[in-house]
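Numbering (my numbering), first residue to last: 72 to 304.
And the structure:
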């Protein structure tokens, strides 16, 4: 546990991200230090099969504001993020993807928006993603269905970084272990009638490694979507 309560706790989940791990952490720590944000970073090795954990261990030895959380066996995207969030101590907490090099630059702005506008959550909405046609269709259908069925005014449900008040996080009891975690957060935010903001951002293609989002992720989303609707959301 940290000896102080940081202003911001940020989780980064890693699954076979040896090529991105040191880059994202270096960019993030430099940005936060330039903006004079008191931070801690919780890096989650989410059951990686490559040498991601060894790289993260070395980074944590050099920077005591970076803490390692180890998940021995990968149980899903959402599970890894949830494990990291459980250890967050900051007034504001959230997460960013291991390959989101542009999103790093928006973290201070998201934190400032939370403070100045008394919001529960601040997040990114991505555009110009450089996706192929099928991925664009999938993303459009995903966001259109979600926003229409649940009447949530969001253009990018999965957009990250997502940063929220710790008090809000503690009130929503997250359950998702899969890619529905982002949607679950937005659903529970909407049910509580809490305020949020989306900031538009460009989105780079990843430089190293492969995306872990597959076609069954969309089918998984559809299943969860109807389960939550049936449960009264």
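Virtual Cβ for every residue (Gly too), placed ideally from N, Cα, C.
To the nearest angstrom, how far is the alpha carbon of residue i from that of residue j?
i: residue 113; j: residue 160; result: 10 angstroms
i: residue 129; j: residue 115; result: 14 angstroms
i: residue 12; j: residue 296; result: Look at the range of the chain in this structure, 72 to 304, and you will see that residue 12 is not part of it.
i: residue 125; j: residue 240; result: 30 angstroms
i: residue 99; j: residue 206; result: 28 angstroms
i: residue 155; j: residue 219; result: 31 angstroms
i: residue 187; j: residue 104; result: 20 angstroms
i: residue 249; j: residue 223; result: 21 angstroms
i: residue 265; j: residue 85; result: 30 angstroms
i: residue 185; j: residue 176; result: 16 angstroms
i: residue 228; j: residue 131; result: 31 angstroms
Under a three-way DSSP split, which group does residue i fall into?
i: residue 269; result: strand
i: residue 140; result: strand
i: residue 252; result: helix
i: residue 305; result: The first residue shown for the chain is 72 and the last is 304, placing residue 305 beyond what the model contains.
i: residue 163; result: strand
Residue i: buried (16+ other C-beta within 10 angstroms of its C-beta) or exposed?
i: residue 293; result: exposed
i: residue 212; result: exposed
i: residue 204; result: exposed
i: residue 77; result: buried
Which residues in the same chain have their Cβ closer than 6 angstroms to the Cβ of residue i, if we skip the five residues on either side of it in sequence?
i: residue 230; result: 194, 195, 196, 197
i: residue 168; result: 231
To which residues of the same chain is residue i closer than 7 angstroms at the C-beta, ignoring the five residues directly before and after it?
i: residue 299; result: 258
i: residue 221; result: 258, 261, 304
In terms of residues, what are the limits of the beta strand (DSSP E) holding residue i?
i: residue 117; result: 110-117
i: residue 82; result: 79-85
i: residue 75; result: No beta strand (DSSP E) contains residue 75, which DSSP labels as neither H nor E.
i: residue 173; result: It is not in any beta strand (DSSP E) - residue 173 carries neither H nor E in the DSSP assignment.
Between which residues of its own chain and residue i is the CB-CB distance below 8 angstroms, once the five residues before and five after are set aside?
i: residue 182; result: 78, 79, 108, 163, 193, 234
i: residue 216; result: 293, 296
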